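In what follows, a single structure is set out as structure tokens and then discussed.
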Amino acid sequence: MNGKHKTGSRRKNVPFPANTSTTRCLFSSKMNSSKRAGEAKLTCSGCQRKFLVPTITNAYRCYKCNSVTNSTIGSEQSRKDSGVFKHDQLNNAYPNGALLPPSASCSLSLSMTMGNKRAVICGVTYGKRKFKLEGTINDVNNMKNLLLDNFKFPIGCIRVLTEEQKDPNLIPTKKNILDSLNWLVKDCQSEDSLVFYFSGHGLQQPEDRKGDEIDGLDETICPVDFLREGMITDNEINSIIVQPLKQGVTLHAIIDACHSGTTLDLLYLCKKEKGSWKWKDNKPPHSKETMTTQTNGGLAICLSACEDGQMAADTAAFDGNRFNGLVTYLFSQIIRDNPEITYGGLLEKLHQEIGNIHQSKFSNSILKRIFHRKIDQDPHLSSSEKFDIATRIFKL
Numbered sequence: 001m002n003g004k005h006k007t008g009s010r011r012k013n014v015p016f017p018a019n020t021s022t023t024r025c026l027f028s029s030k031m032n033s034s035k036r037a038g039e040a041k042l043t044c045s046g047c048q049r050k051f052l053v054p055t056i057t058n059a060y061r062c063y064k065c066n067s068v069t070n071s072t073i074g075s076e077q078s079r080k081d082s083g084v085f086k087h088d089q090l091n092n093a094y095p096n097g098a099l100l101p102p103s104a105s106c107s108l109s110l111s112m113t114m115g116n117k118r119a120v121i122c123g124v125t126y127g128k129r130k131f132k133l134e135g136t137i138n139d140v141n142n143m144k145n146l147l148l149d150n151f152k153f154p155i156g157c158i159r160v161l162t163e164e165q166k167d168p169n170l171i172p173t174k175k176n177i178l179d180s181l182n183w184l185v186k187d188c189q190s191e192d193s194l195v196f197y198f199s200g201h202g203l204q205q206p207e208d209r210k211g212d213e214i215d216g217l218d219e220t221i222c223p224v225d226f227l228r229e230g231m232i233t234d235n236e237i238n239s240i241i242v243q244p245l246k247q248g249v250t251l252h253a254i255i256d257a258c259h260s261g262t263t264l265d266l267l268y269l270c271k272k273e274k275g276s277w278k279w280k281d282n283k284p285p286h287s288k289e290t291m292t293t294q295t296n297g298g299l300a301i302c303l304s305a306c307e308d309g310q311m312a313a314d315t316a317a318f319d320g321n322r323f324n325g326l327v328t329y330l331f332s333q334i335i336r337d338n339p340e341i342t343y344g345g346l347l348e349k350l351h352q353e354i355g356n357i358h359q360s361k362f363s364n365s366i367l368k369r370i371f372h373r374k375i376d377q378d379p380h381l382s383s384s385e386k387f388d389i390a391t392r393i394f395k396l
């Protein structure tokens, strides 16, 4: 039995863009670098120019002709060999050549029964790639059952996206995920409860709007086709499912991926200081611009598996040989055992359980063997507005 990382995982080692630190064009001699990395020659499939790219590169967009060239030089390390986490810190460089194509918007035709409760549940395994995730299907089933059993969501109002779906519109491609997010908020009305759940790889990339991120990085989630179509950024997610929320509508997002702390770009983060939880501003330098990224009177709340600079873990420690996202598994168990728990109680218990893993305070040594490295993972709560987490009951 062993534990694993999710991309951005200590769901780990996604070919991207991920550990990219240097790109250089032999034709123009232009170079972008953040740290030293191994390099190899790559010939553009469009203009035939030669480039030096990091040895971990699997796809490269030529800055001259805009062609995308797939590469076999990438050393994709299997998540199975990566230890416990979903992924390592990943860096991305775009100026002279892009390892992933830019984001694109899409439209949606909707055909599902609407109700007061509506959910999009997405789990991405990434097929036969070496950065495949094994626990995401289990995460999806876990969340679906939780919504049905504990929160009484109508089954016809839950849209599930996995690679196991027979309907091609329910495969977790970039287009289908964006379409489903549009479906989630379409015609939402007061008293509606909306849920977006994602289990998969998460990454960071340089911000696409200068000054809209405190750390200068956009957080992203990775669809199954992200190497070809690109990632989905926090800005896109915010514009689709946060900004349209009307008065009385509540959205909960639960993101089990690396670098997921501010995936919705919400205004307030809940931080623990001197033993108590307090709301802190998450306003970037250009706060006037940020105000336009918030709701239309509704409430958006996000529970993330970790902070922006951290990794999220998968493990088989709790469920035999079945892998699960660590936070998804703990979250669902806590809710089932404590149906009237507050947001503060939920956040505290999540941190306590992960702390217990650090200290191996269990009757057997299984967790100590599996989590052989310290889990630097702090579940994160953010919101579009402040509220009393000590008294407000967690409800979906």
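By full-length UniProt numbering, the letter at position 5 of the sequence shown is numbered 5, and the numbering carries on one by one without gaps. Every residue, glycine too, gets a C-beta built ideally from N, C-alpha and C. Note that the coordinates shown come from a computational prediction; the quantities given were computed from them, not determined experimentally.
Under 8 Å between C-beta atoms of residue i and residue j
| i | j | result |
| --- | --- | --- |
| LEU347 | ILE389 | yes |
| GLY123 | THR136 | yes |
| LEU264 | ASP218 | no |
| ASP192 | VAL249 | yes |
| LYS246 | ASN296 | yes |
| THR173 | PRO223 | yes |
| residue 408 | PHE198 | Any answer about residue 408 is impossible in this case: the structure gives the chain only from 1 up to 396. |
| CYS188 | CYS258 | no |
| LEU147 | ILE158 | yes |
| LYS278 | LEU267 | no |
| residue 397 | LYS271 | The first residue shown for the chain is 1 and the last is 396, placing residue 397 beyond what the model contains. |
| ASN150 | ILE341 | no |
| VAL160 | ILE121 | yes |
| LEU269 | GLY200 | no |
| PRO244 | VAL327 | no |
DSSP state of residue i mapped onto helix, strand, coil
| i | result |
| --- | --- |
| ASP167 | coil |
| PHE85 | Residue confidence for PHE85 is low, a pLDDT of 42 falling below 50, so the modelled location carries little weight and cannot support an answer. |
| TYR197 | strand |
| residue 400 | The chain is shown from 1 up to 396; residue 400 falls before or after that span and cannot be answered. |
| GLY123 | strand |
| ILE301 | strand |
| GLN204 | strand |
| PRO379 | coil |
| ILE155 | helix |
| LYS117 | strand |
| LEU161 | strand |
| ILE354 | helix |
| LYS246 | strand |
| LEU347 | helix |
| GLU385 | coil |
| GLU219 | strand |
Contact belief for residue i with residue j at Cβ below 8 Å, rounded distance in angstroms
| i | j | result |
| --- | --- | --- |
| LEU381 | LEU303 | 6 Å |
| ALA119 | VAL195 | 4 Å |
| HIS252 | LEU396 | 6 Å |
| SER239 | ILE301 | Rounded, the Cβ-Cβ distance is 18 Å, inconsistent with contact. |
| ILE354 | GLN377 | 6 Å |
| GLY344 | SER260 | Contact doesn't hold; Cβ gap of about 20 Å is too wide. |
| PRO154 | LYS117 | 7 Å |
| ASN176 | ARG322 | With 8 Å as the limit, ASN176 and ARG322 do not qualify as a contact, their Cβ atoms being about 26 Å apart. |
Where the alpha helix (DSSP H) containing residue i begins and where it ends
| i | result |
| --- | --- |
| ASP139 | 136-149 |
| LEU133 | Run containing LEU133: none; DSSP gives neither H nor E here. |
| LYS175 | 174-185 |
| ASP234 | 234-237 |
Unbroken beta strand (DSSP E) run spanning residue i, endpoints
| i | result |
| --- | --- |
| ILE393 | First-last for ILE393: undefined, no H or E at that position. |
| THR328 | Counting along the chain, THR328 falls outside any beta strand (DSSP E), though it belongs to the alpha helix (DSSP H) covering 326-337. |
| ASP256 | 250-256 |
| GLU273 | 268-273 |
| ASP192 | It is not in any beta strand (DSSP E) - ASP192 carries neither H nor E in the DSSP assignment. |
| ASP281 | 276-281 |
Residue-level contact to chain B via CB, residue i, 8 Å cutoff
| i | result |
| --- | --- |
| PRO168 | The displayed structure is made up of one protein chain only, and chain B is not part of it. |
Check your understanding: Are three or more beta carbon pairs between the region 142-155 and the region 171-189 nearer than 8 Å?
Key -> no
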